[in-house]
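Trainee: In case it helps, the numbering used here puts the sequence shown at residues 30 to 89.
The beta-carbon is built from N, C-alpha and C at its ideal position, and this holds for glycine as well.
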Amino acid sequence: MTDQTIETKSKPASGVEDPDVRYLAEHTDLSPKQARELVAKHGRDRKKLLELAATMKAEG
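(1) Enumerate in chain order the residues of its own chain whose CB-to-CB distance from Y52 is below 6 Å, with the five nearest sequence positions on each side excluded.
(2) Is the beta carbon of A87 less than 8 Å from the beta carbon of S60?
(3) From P49 to R73, what distance separates their C-alpha atoms?
Below, the structure written as structure tokens:
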């Protein structure tokens, strides 16, 4: 394997490792960055996170 192959395999293609962050980013209009910040600030209760995400606008 080349160094590039090893590096690519160690990092997810989407840049999102946390399953809760990935879920939020895929099921709302939030960017992965916004989803990560929301999880960090409000915890991992998906119902609560989805309610909060519905009130936010996507980064653009």
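Mentor: Inspection of the coordinates gives the following:
(1) Indexing the sequence shown from 1 puts residue 52 at position 23. No residues qualify anywhere along the chain.
(2) As a first step, residue 87 must be located in the sequence shown, where it is residue number 58. As a first step, residue 60 must be located in the sequence shown, where it is residue number 31. Against a cut-off of 8 Å, the Cβ pair of S60 and A87 comes out as a contact.
(3) By 1-based counting over the sequence shown, the position of residue 49 is 20. By 1-based counting over the sequence shown, the position of residue 73 is 44. The sequence shown places Asp at residue 49, rather than the Pro named in the question. Each residue's Cα considered, the two are about 7 Å apart.
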